[in-house]
Amino acid sequence: MGGWFRQLTAKISAALRNFMVGRYGTDRLNMAILSVGLVASLLSMIFKFAPVNLALFILSYGMMFWAIFRTLSRQTYKRYQENRKFLQLMGRMKDREHRYFDCPKCRQMVRVPRGKGKISITCPRCREKFVKKT
Ligand SMILES: [Zn+2]
304 MGGWFRQLTA KISAALRNFM VGRYGTDRLN MAILSVGLVA SLLSMIFKFA PVNLALFILS
364 YGMMFWAIFR TLSRQTYKRY QENRKFLQLM GRMKDREHRY FDCPKCRQMV RVPRGKGKIS
424 ITCPRCREKF VKKT
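Residue 365 in the working numbering sits at position 62 of the sequence shown, and the numbers go up by one each step.
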């Protein structure tokens with residue numbers, strides 16, 4: 304490896320950095336999308352039944368293109384919001400002690416303890432009252 308190699312890799316990485324300027328890049332949601340795509344493509348090797356195989360094939364490519372689209376997207380704010388919502392959803396799923404509801408009036412998220420039966424919830428934002436089973 305001479306100096307030319309280092310020069311070439313420097314050039315490529317500079318070009319890549321240039322290409323990615325103003326683009327979103329990758330995040331946790333993209334990792335999840337790619338994981339789903341990978342699982343789908345592995346499953347498509349197991350399930351040879353044509354309709355299932357085709358569906359898995361489409362799913363795996365769809366996920367891959369979706370992840371690429373998000374990585375190269377210039378609408379960074381939108382992508383950031385998608386990722387934020389995804390992380391919020393994951394947090395909710397991991398939370399075994401609480402249930403989450405959206406206020407029917409203003410869509411404010413309300414967190415209540417789990418396993419209290421039917422309770423009346425008052426929205427902290429708009430004071431709307433609604434009954435939910437916890
Ligand atoms: Zn509300």
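Backbone N, C-alpha and C define an ideal beta-carbon position, used for all residues, glycine too.
Just so you know, these numbers come straight off a predicted model, no measurement behind them.
Per-residue burial, residue i [other beta carbons within 10 Å of its own, 16 or more giving buried]
i: G340; result: buried
i: M366; result: buried
i: L359; result: buried
i: C409; result: exposed
Neighbourhood of residue i by C-beta distance below 6 Å, restricted to the same chain and skipping five residues each side
i: L375; result: R326
i: A370; result: N333, I336 and L337
Closer than 7 Å: residue i CB and nearest ligand 1 heavy atom
i: Q378; result: no
i: M428; result: Sequence check: residue 428 is Arg here, not Met. Flag set: Cβ of R428 near ligand 1.
i: K408; result: yes
i: Q411; result: yes
i: E400; result: no
i: E385; result: no
Beta-carbon contacts of residue i that lie in its chain and below 7 Å, excluding the five residues immediately before and after
i: S363; result: G340, A343, S344 and S347
i: M412; result: Y403 and D405
Beta-carbon gap between residue i and residue j smaller than 8 Å
i: R382; j: R373; result: yes
i: L390; j: R320; result: no
i: P416; j: F433; result: no
Where residue i falls: helix, strand or coil (DSSP)
i: R402; result: strand
i: T379; result: helix
i: R373; result: helix
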